[in-house]
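See structure below.
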Amino acid sequence: MDLRIKTFEEYEHAYNASIADPEAFWSSIAEKFVWYKKWDTVLDWNFEEPRVKWFEGGKLNITENMLDRYLVDQPDKIAFHWEPNDPEGTNQSITYKELYHEVCKTANALRSLGVKKGDRVCLYMPMRLEAIISIIACARIGAVHSIVFAGFSSAALSDRINDAQAKVVLTSDGLNRGTKQVDLKSMVDEALESCDTVESVIVLNCIDSSPNMVEGRDYDFNELIQDMDNECEPEPMDSEDLLFILYTSGSTGKPKGVVHTCGGYMLFTAYSFQNVFQYQDDDVFWCTADIGWITGHSYIVYGPLLSGATSIVFEGVPTYPDAGRFWQVCEKYKVNQFYTAPTAIRALMGFGLDYVNKYDLSALKVIGSVGEPINEEAWRWYYDHIGKSKCPVVDTWWQTETGGIMLSGLGNLSPMKATYAGYPLPGIQPVLLNGEGEEIKENNEEGYLCMKFPWPSILRTSYGDHERCKNTYFSNYEGYYFTGDGAKRDENGMYRIIGRVDDVINVSGHRFGTAEIEDAINTNEFAIESAVVGFPHDVKGQGIYAYVVVDNDLKNGTEEIIASLSESVIDGIGRIARPDKIQIVSGLPKTRSGKIMRRILRKIAEGERTNFGDTSTLLDPSVVEQIIQNAL
Ligand code: WT7
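Numbering of the sequence shown is given in our numbering, commencing with residue -16 and proceeding in unit increments.
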């Protein structure tokens, strides 16, 4: 299924057509997919409610478009090469036909446990083929998957299971990540102590441990599926039926479940995959993300399979056994398109070029970046040393909520500018708004990045809380989707993302709300009050700086308290959210009305010591002096 634009002129033409008549534009793309019944209406929308429906009345099953349709023309084409954590381990390859049968067996296994269309299934799994098979199996039977990154804590897992009211959990005994082994099953057991909705747990053996199995609840993955039929009728879904939920952090409260639906998400992930990466038939694509994040959903699972592509699933980490691992894998599979995060590039840069130059990277055609702004130095290194100054860098800006890539160059078609994400994809209508909510028409002015028209894979709601969806994304500027990012546009119309303008921090491309981290800290017995801010970090992009007021009466050493506070974040969210710096303070800078002045805390975290602007509303200015004296 070829959805590819092949020249920049064609892009301009497609873009203009997509704005002039979005319905005609997306219909002509939708027609290239397999539908059981054609849609009644192309688009029905209203950003005030918000309500967005694409291709309503159309019946389809997304997996039919990922697997069945390829059984005729390319059954023996490799869908995935799986590369284990340990380079000495045995790799696996799976063809479209084999994948189809494995998905059917797993889908039948889920049905045998009573999973029906609309039921939620939670996945807490390592980067194994079985995880991908399980995701597609859910979609096959119309179950709504909710993947939880296997680095989140058991508390974070149980929150997500409960919010989604999941019926089944798929997990593994454990996982390998570099030199570490993580025991996943006991985390699941702990999480399930506070979850009532889970009836069954399916456990994949990954590390040959003998996990505790609860009689009548827990099943061994392989035993369960081995006798299942390898054909499974796909569940007919409406275009607007739920495909999945994925939890992501916002500036307030607990993480919320971003909801994506079948038809629109299918169109946009396939379309953006083929165009941004300029994927061609025999190419090998590699996205290094984990399936627990949206990047893994859209560009490991859905976009590539919908396009009939071959891609890599990698279990390991960039620095194990050494900093050449990514490039060794690129050489081994002759990777043509490589897609990773700036944090990985910055980390690998530090190890020097010997790790790069050992390997043959000549198959690379396009190299991509995602997750956070890429700084000029990292961009240069990536372009010069990985792409050998011949591969375009596609700096792809998007979000969990957008489902697919929104701003980016298209392979080698588009002009490139370091640190600029570039142009909107066809169908995407970005605007920059000023504080008054007016569109900024001038070039090179910073504004709030918003979207003024729906695209097929925009989030539909926040699971179980439509009001929250409205308040978070559609209320800041009436009639617009608000991204939470600041950006500017140059004289050629290219966009540069500045970063978040809300209380969301982006640590190594992972998103956390400051409130969420504060809540975790505040569960600690020593903590009275806390404030968390981000600060610039050389490798992670942003680091986490926590200011904590503790109970003076507890007779413990500072070091002990700090370790304990850190542990509370690890327990509440996961190791990935552990603060880089924790400063014990006697008080937080507050206004007379009791509001914490985060602006000041952010400046201190950035290293500012004197210039804080207007502080006249501070209740007690001496608090700031004290914080500065002990700043880390
Ligand atoms: C936030 C979304 C979508 C993939 C992974 C992150 C930041 C994402 C870029 C980029 C600058 C970027 C934004 C955005 N972001 N890509 N190319 N340049 N910033 O998804 O966890 O939903 O986070 O990541 O701030 O709002 P996410």
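Note that the Cβ used here is the ideal one computed from N, Cα and C, for glycine as well.
Residue j beta carbon less than 8 Å from that of residue i
{"i": "Asp212", "j": "Asn91", "result": "yes"}
{"i": "Gly555", "j": "Pro356", "result": "no"}
{"i": "Gln525", "j": "Ile488", "result": "yes"}
{"i": "Val339", "j": "Ile369", "result": "yes"}
{"i": "Glu298", "j": "Glu31", "result": "no"}
{"i": "Leu452", "j": "Pro33", "result": "For the record, residue 452 in the displayed sequence is Cys; it is not Leu. Taking 8 Å as the Cβ cut-off, Cys452 and Pro33 qualify as a contacting pair."}
{"i": "Gln320", "j": "Phe268", "result": "yes"}
{"i": "Phe(-9)", "j": "Ser372", "result": "no"}
{"i": "Val131", "j": "Arg103", "result": "no"}
{"i": "Pro123", "j": "Glu218", "result": "The question names Pro, but residue 123 in the sequence shown is Arg. Closer than 8 Å, so yes."}
{"i": "Met434", "j": "Tyr403", "result": "no"}
{"i": "Asp(-15)", "j": "Met110", "result": "no"}
{"i": "Val55", "j": "Arg160", "result": "no"}
{"i": "Val414", "j": "Pro375", "result": "no"}
{"i": "Ala174", "j": "Ile144", "result": "yes"}
{"i": "Lys15", "j": "Gly41", "result": "no"}
{"i": "Val17", "j": "Leu50", "result": "no"}
{"i": "Gly405", "j": "Asp378", "result": "yes"}
{"i": "Ile328", "j": "Ala292", "result": "no"}
{"i": "Ala560", "j": "Phe518", "result": "no"}
Between the CA atoms of residue j and residue i - distance to the nearest angstrom
{"i": "Ala653", "j": "Glu47", "result": "Residue numbering for the chain in the displayed model covers -16 to 615; residue 653 lies beyond these limits and cannot be assessed."}
{"i": "Tyr83", "j": "Met170", "result": "31 Å"}
{"i": "Arg280", "j": "Thr244", "result": "Note that residue 280 is His in the sequence shown, not Arg. Going from the Cα of His280 to the Cα of Thr244 covers about 13 Å."}
{"i": "Lys36", "j": "Thr89", "result": "30 Å"}
{"i": "Arg581", "j": "Arg94", "result": "50 Å"}
{"i": "Gly550", "j": "Pro604", "result": "According to the sequence as given, residue 550 is Glu; it is not Gly. Answer to the nearest angstrom: the Cα atoms are 31 Å apart."}
{"i": "Ser137", "j": "Asp563", "result": "22 Å"}
{"i": "Tyr365", "j": "Gly447", "result": "42 Å"}
{"i": "Ala401", "j": "Pro325", "result": "13 Å"}
{"i": "Pro238", "j": "Thr231", "result": "5 Å"}
{"i": "Leu43", "j": "Leu601", "result": "58 Å"}
{"i": "Asn539", "j": "Tyr79", "result": "59 Å"}
{"i": "Asp521", "j": "Ala529", "result": "18 Å"}
{"i": "Gly275", "j": "Ala114", "result": "10 Å"}
{"i": "Lys260", "j": "Ile544", "result": "For clarity, residue 260 is Phe in the given sequence; the question names Lys instead. Each residue's Cα considered, the two are about 48 Å apart."}
{"i": "Gly476", "j": "Glu425", "result": "10 Å"}
{"i": "Lys523", "j": "Thr497", "result": "16 Å"}
{"i": "Lys471", "j": "Leu416", "result": "10 Å"}
{"i": "Tyr262", "j": "Gly420", "result": "38 Å"}
{"i": "Gly157", "j": "Asp172", "result": "12 Å"}
{"i": "Ala133", "j": "Ile277", "result": "14 Å"}
{"i": "Asp468", "j": "Leu615", "result": "28 Å"}
DSSP-derived helix/strand/coil call for residue i
{"i": "Ser372", "result": "coil"}
{"i": "Ala470", "result": "strand"}
{"i": "Cys121", "result": "helix"}
{"i": "Val25", "result": "strand"}
{"i": "Asp166", "result": "strand"}
{"i": "Gly236", "result": "coil"}
{"i": "Arg329", "result": "helix"}
{"i": "Glu512", "result": "strand"}
{"i": "Pro439", "result": "coil"}
{"i": "Met220", "result": "strand"}
{"i": "Val414", "result": "strand"}
{"i": "Val35", "result": "strand"}
{"i": "Leu390", "result": "strand"}
{"i": "Cys433", "result": "strand"}
{"i": "Ser576", "result": "coil"}
{"i": "Asn159", "result": "strand"}
{"i": "Gln311", "result": "helix"}
{"i": "Tyr19", "result": "coil"}
{"i": "Cys245", "result": "helix"}
{"i": "Pro287", "result": "helix"}
{"i": "Ile61", "result": "strand"}
{"i": "Cys452", "result": "helix"}
{"i": "Thr231", "result": "strand"}
Worksheet entry | Sequence-ordered residues whose beta carbon comes within less than 7 Å of a heavy atom of the ligand WT7 | Those residues are Thr231, Trp276, Ile277, Thr278, Ser352, Val353, Gly354, Glu355, Pro356, Ile357, Asp378, Thr379, Trp380, Trp381, Gln382, Thr383, Glu384, Ala404, Thr466, Gly467, Asp468, Ile480, Gly482, Arg483, Asn489, Gly492, His493 and Arg494, given in chain order.
Discussion item. Counting beta carbon pairs with one atom in the segment 271 to 287 and one in the segment 382 to 393, are three or more of them shorter than 8 Å?
Written reply: Output reads yes: the segment 271 to 287 touches the segment 382 to 393.
Item to complete: Taking 8 Å as the threshold, find out whether the segment 294 to 308 comes into contact with the segment 324 to 339 through three or more Cβ pairs.
Response: At 8 Å Cβ cutoff, the stretches touch.
Practice prompt. Mind the definition here: the segment 490 to 503 touches the segment 423 to 441 only if three or more C-beta pairs lie below 8 Å; say whether that holds.
Written response: In the pairwise beta carbon analysis, the segment 490 to 503 is classified as not touching the segment 423 to 441: fewer than three pairs are separated by under 8 Å.
Item to complete: Could you tell me whether the segment 583 to 591 touches the segment 606 to 614, where touching means 3 or more Cβ pairs closer than 8 Å?
Response: Yes, the segment 583 to 591 touches the segment 606 to 614.
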